[in-house]
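Residue numbers (my numbering), protein chains in the order written: chain D, 1 to 467; chain R, 10001 to 11023.
Idealized CB from N, CA, C, for every residue including glycine.
Please read all numbers here as calculations on a predicted model, not as lab measurements.
Take a look at the structure below.
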Amino acid sequence: MQTGRKIARRWFLEQCGVGLGSIALGHLMREQGYAVAADNPLAPKQPQFAPKAKRVIYLFMAGGPSHLELFDNKPKLAEYDGQLPPEGLLEGYRAAFINPNSKLLGPKFKFARYGQSGAELSELLPYLSEVVDDIAIVKGMSTDAFNHAPGQILMNTGSQQFGRPSFGAWTTYGLGSESSDLPGFIVFSSGKKGPSGGNSNWGSGFLPTVYSGVQFRSSGDPVLYLSNPPGVDDELQRDSLDTLRELNQMRLDTVGDPEIATRINSFEMAFRMQASAPELMDISSEPEHILQMYGAEPGKPSFANNCILARRLVEKGVRFVQLFHEAWDQHGSLVKDLTGNCHDTDQACAALVKDLKQRGLLEDTLVIWGGEFGRTPMVQGGNDGRDHHPNAFTMWFAGGGIKPGITLGESDDLGFNVVEDKVHVHDMHATLLHLLGFDHKKLTYRFQGRDFRLTDVHGELVPKLMA
Amino acid sequence: MIRFSLVLLFACCLPLSAAVDFVRDVKPIFDRSCAGCHGEKQQLGQLRLDARAIVLEGGVSGKTVTPGEPEKSELYLRVAGTSEHPRMPMGGELPAAEIETIRQWIAEGAVWPESVGAKVSALETHWAFIPPTRPELPVVKNTAWVKNPIDHFILARLEKEGLAPAPQADRTTLLRRAHLDITGLPPTIEEADAFLADKSDGAYPKLINKLLASPHYGERWGRHWLDAARYADSDGFEKDKPRNVWFYRDWVVRALNRDLSYDEFIIDQIAGDLLPNATQEQRVATGFLRNSMINEEGGIDPEQFRMEAMFDRMDAVGKAVLGLTIQCAQCHNHKFDPLTQEEYYRIFAFLNNSHEANVAVYTADEQAKRAEIFREIGAIEDDMKHRAPDWRERMAAWEASARKAQPEWTVLKAEVGGISGEKYLYQADGSILAQGYAPTNHTVELTAEVDAKDIRAIRLELLNDPNLPQGGPGRSFLGAAALSEFEVWAAPKADPEKKEKLDIYWAAADVNPAQAELDQAVFPHKQNKQRITGGIEFAIDGCEETAWSTDIGPGRRNQPRNAIFRLEKPAGFDGGAILTIKLVMRHGGWNSDDNQNQNLGRWRLSYTSAEKADETLLPERVHEVLAVPADQRSPEQQETLFDYWRTTVPQWEEQNARIEQLWRSHPAGSSQLVMMERDKMRSTHRLDRGDFLKPKETVDPGVPKFLNALHAESGHEPDRLDFARWLVARDHPTTARTIVNRIWQSYFGTGLVETAEDLGTQSPAPSHPELLDWLAVELMENDWSLKHIHRLITTSAAYQQSSHVTPELLEKDPKNRLISRGPRFRVEGEIVRDIALSASGLLNPEIGGPPVHPPSPEFLYQPPVSYGPKQWHTDTGDERYRRALYTFRFRSVPYPALDAFDTPNGDSACVRRVRSNTPLQALTTLNETVFLEAAEALAAKTLAEGGTSEDQRLTYAFRRVLTRLPNAKEKDALLSMLERQRKRFESGGLDAKEFVGKASPELAAWTTVARVMLNLDETITKE
């Protein structure tokens, strides 16, 4: 065997840094008669203790959904409609747009109790009401930021300052990926706009870039530059890759740098991704009843399509899928826009939970629904809008070790402050990492002379949320 | 508090024993519970609890032990949990009995026998905090290998490890390596031939000198600095508005090209504006501090995000210049390095007194043009003065009458209502400054109470402010404003609901631009409605499609303006009136996220009861001069007065017209974010937990005790310039080390200290500590010449080693930290792109200028991928093929082909890039538009210029890409692919037209081969 090959093999065994997909590397190496790589940044890794959740689907409802219209029923707020908030409540409170001392606005929608758990939900969420016994509604969420970009960045990276790794990046850093030819962390965007925090929402910060989220699209090329250029067919692409491989191999034999072997592998994996990704992204192969369950239409980009894709991707071993749906910033048009948003998302969210459950995936797939903050009980504008509100809001979680059928936490009569079982963003991160098999204080990365973690110096577990 | 009382309560119940014995009672507690962090191995907070002298001396947070006074002893307060600092130990509280033991020990005088414990009286100073001195060159055995002092250090270490250096790389490899390292561009075939033909000893040093003299050197190394300077062409956050700051980028490139000494390079960037007679270049350099992100989303408090930007500036100075992670001390004393929180805010205070300024800037050509215009205007004015010798008297007479005609204006104490998200800062002079979010289509409604009963006119002054684009007075990216309608409403104070609109019958303004159609490309209207700008009459015509504009073109666009609106009937009520002024602004873009507004930036409203307000209108800047007593006016103010007065003199009509004509030829210029010192000092506070809402005591500017002392210029409080000079003082321990370490990192893949961003106590030990110090001293003693360091490194034997590696060597030196071979790694993202452009001949080597927009998928810049719509007008000419350095950088939507190759997006300072190797990179170089265009261009060039035989052509293309000659096997592989694919194109199996736009199987087939070459590992690798 030539020197270069020997080195490559050893390198793979010892410390090869391969981009996407360790299993694929394994396949490749096995095909060539080599042993499987033991250590590459995306190789599946065992967490610190037995995990309840093995993968995550995070439905990020960007903009700040109104907890008061969706989850947190406040009859008292209805009574106080049109009155000023009680004195003292607003001390030290900062609002984004409104003068905090604005009149209270009663909830705009009716609530009822559903399921065996008797969870309260608004009439805007008829589909979610069918799965309330599978989810945990957390009404005691609180955050530190009341502007969109800092709020989203905090929710996704544990810090309001840009430049930290995202939750998805930490997760893939900790667990690696099970996927053979797809990125470990995939991101979709739907709704009116992109998320305020931009790409930093799924960035890898100071972690190696292989852990950052890769944006997929549900129409056109799912990944940038995936398609062969016009005029290039698969035969030409294959011939090109074979020639590339041959030349790269010659170079490897000459100079002995194992990085060349990694490059060869990257090209092979890219080629396989060209074949597998479009197939995976084509939801027309889904049975009609599944499409109907989600409310998805093949070929028409939508949040519902993205939900089906999320399921398909985690089935293929993708570790973390995050769906951004930026539509929830109802400073005005509260009634109309919330109705529209729920029409666009409620059915698919509930279908995702059902679908994962019927496939036996829910038990080790963590589903997260929520935005960066809630909305003020005080009105913005005439009588149809609410401002950003960080003190209390609602998220829901399902699967992956989450205690199903519970409603945790309580806000005060106005939905302004949390009065029971407060869950700060850091606490949520700590708990979710715990479900993924990590002590959040020990999942660290050394940078700039200190060990960084998702929860910075904060975070308490929320045992009540865990099954 | 509760916890505290419990401890005391509990403590009281304990039987108070006899005197505490340190060795028996206290030392075991220290050993058991404290030694892990405050012992021999580490001394967090600079505290060692196993050393008597240090405990009695004190750590970072104050006196550890005050014998006899537990309540004044930080040690006791910390373990008891009653200190303002975190309770100790971190891992869990001590049992109450142990806390009491410690209390009692201190109360009894903290007796600690001298013979007990570690015999150290001071903590060892971390190497990086001691100024570097030049070390002796180590003795080496293989002296023949040594080419310069660097090699002594490298070889000594290799010999110690029992390793021999690798042989010298072959000349072609060296040539390409030096090119990629120094200029970031591969050599051309001609350059390669010339170098290979020169067999003299001096050929290689000559090559290095030639490359260091190339203007592309500044581009390649400027990019490194721009990473540290977190350079980007947009604001970041949600709005991510484009910003014009490329003058800073070009300044960096030019500064490096002229080898501006590194100390001046830093001084200019930290405090160039404060240098005596600061040039435009020096002001532009301060853009370094201003590259922070700006948040203008709707709900923000501008001060909160100014503070965020301040933290970012501190972080950038820490990483880029100091090589220290100072941002830990934003919230608390640094846990590891001896930096206190107070000291952090003392540094902060140096940077805290600047406007968030945006100024107009001009290229050298534009500056020359401006000088010419001003010279010509000056000549015409001199001629006027010459022909009218009594002009001074006439002007004085005019001034007297103008002054007399001025009515008395009373400033309206108006407040803005409504919730547009724009933030209004009320200024001491009665004006209002708009900051934060800039709605593109809105009305500002102001109300004021007025007692006067005969309000006859309202004056609107539009004022400059350093915090507005190019100084304002508007908020458009050019600093212009457009007012669609100006409305005045009044209601009796007693009955505010009885509000009525007042008729304005006449208006005048000091600027009335010609009627023009609003540029839909910049300010799009949703229904494509035509909108007009022009004179002041458009503000009172009842039509929102027309607006008064302040924009009379570059040069005079950013002057203060005023307008007077005369009411049909005197307004006012018995008992006072509530006056409502509506400033309607409908001349921005339609979408609030497209960031294009023409809002008023800073304005002041006044009213008068005088009857003849219409005869008094003077330009705002003339008003400003008139407010200054004649004998106290500066020459510029005199000039301003004359400039205006001459326009009132009928006999000068022709001259005035000529001057007007000259103004219209004024160059457009650009803008730059810069530092600009405020007149009134901002006070800086220590911020509790770094929270700007929790200011604690004020702090004065100053530097940390563990670094060199500050030598401020006498006669004033130390300022930012003193701080800048302190950073590059000869006795600064980290500045020189930090930059030479980063240069080393760039050449060899890893720095001598691996953590380039942090040389502090937590950094891993340097691989070659003496070499680091030697290079640092060498830099400082050679007038801080960076090129000198580059020359030393590239001419060292260490650098010139072959990068080939054997399994044995890979085992002994896997990451090449010993420099047992030459560096070999994938080039940076920008260079990946530049190699393809250069090899294909597409490269447009032009240096500097506004950022360019090469092809990029359009959907990335539109919702729902981008938050707001972004403009990305793809360049079609040769701007498409500029070096990647010039690609427009949106922070929230990084340019994908660069992003795939780990280029940082500018969110924060980056001094060490990661280097990944992924399938997404493969897809990019295989399928991305520009890479494909490069493949096709390389094929076309090969067919045109690469000779006639296939062998010649292949060699030609191969050398363009890889510099070296292909070997026989490589030729075979490529030519057989050529043959296979040509057959397919010829037979119609593949469509050449579809692939290369031309029905040429030859071109198509060669393009497939060129594409393979451009995708080789070697192509994008520095061998």
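Within 10 angstroms of its Cβ, does residue i collect 16 or more other Cβ (buried), or is it exposed?
i	result
D/Gln32	Model confidence at D/Gln32 stands at a pLDDT of 41, short of 50, so the residue's coordinates are unreliable; what they give is reported in the following sentence. It is exposed - the Cβ of D/Gln32 has fewer than 16 other Cβ atoms within 10 Å.
D/Pro47	buried
R/Ile10130	exposed
R/Asn10333	buried
R/Lys10160	exposed
R/Met10681	exposed
R/Glu10393	exposed
D/Phe97	buried
R/Ala10940	buried
R/Met10675	buried
D/Ala38	With a pLDDT of 31 at D/Ala38, under the threshold of 50, the modelled position of that residue is not reliable, and no figure is offered here.
R/Asn10142	exposed
R/Gln10762	buried
Kindly give me the distance between the Cβ atoms of residue i and residue j, rounded to whole angstroms, as I take these residues to be in contact under 8 angstroms.
i	j	result
D/Glu372	D/Met141	Not a contact, Cβ separation roughly 10 angstroms.
R/Leu10974	R/Val11012	7 angstroms
D/Phe416	D/Leu89	6 angstroms
R/Ser10073	R/Ile10106	5 angstroms
R/Glu10544	R/Val10584	6 angstroms
R/Pro10667	R/Pro10554	6 angstroms
R/Phe10336	R/Leu10759	12 angstroms between Cβ atoms; not a contact.
R/Leu10775	R/Val10740	4 angstroms
Could you name the residues that DSSP lists as bridge partners for residue i?
i	result
D/Met141	D/Phe393, D/Val423
R/Pro10695	R/Leu10687
R/Leu10446	R/Val10416, R/Ile10581
R/Ile10432	R/Tyr10426, R/Trp10603
D/His388	D/Arg375
R/Pro10492	R/Ala10577
R/Ser10549	R/Ala10482
D/Val335	DSSP output for D/Val335 lists no bridge partner at all.
Would residue i and residue j qualify as a contact pair, given that the criterion is a beta-carbon distance under 7 angstroms?
i	j	result
D/Pro468	D/Met281	Because chain D in this structure spans residues 1 to 467, residue 468 of chain D falls outside the shown range and cannot be described.
D/Lys139	D/Gly360	no
R/Ser10908	D/Gly163	yes
D/Thr157	D/Pro390	no
D/Arg55	D/Arg245	no
D/Ala53	D/Leu366	yes
R/Val10329	R/Leu10322	According to the sequence displayed, residue 10329 of chain R carries Ala and not Val. No, the pair does not count as a contact, with Cβ atoms beyond the cut-off.
D/Ser190	R/Pro10513	no
R/Asp10268	R/Trp10784	no
R/Pro10469	R/Asn10358	yes
R/Asp10902	R/Ser10892	no
R/Ile10578	R/Ile10540	no
R/Thr10410	R/Ala10481	no
Could you check whether the stretch 105 to 119 of chain D touches the stretch 427 to 443 of chain D, counting it as contact only if at least three pairs of C-beta atoms, one from each stretch, sit closer than 8 angstroms?
no
Touch test, the stretch 10780 to 10796 of chain R against the stretch 10163 to 10182 of chain R, Cβ-Cβ under 8 angstroms, three pairs minimum
yes
Are the stretch 10400 to 10411 of chain R and the stretch 10567 to 10587 of chain R touching by the rule of at least three beta carbon pairs closer than 8 angstroms?
no
Is it the case that the stretch 10621 to 10638 of chain R contacts the stretch 10477 to 10493 of chain R, given that we only count it when at least three CB pairs across the two stretches are under 8 angstroms?
no
Just checking, does the stretch 10719 to 10732 of chain R make contact with the stretch 10268 to 10282 of chain R on the three C-beta pairs under 8 angstroms criterion?
yes
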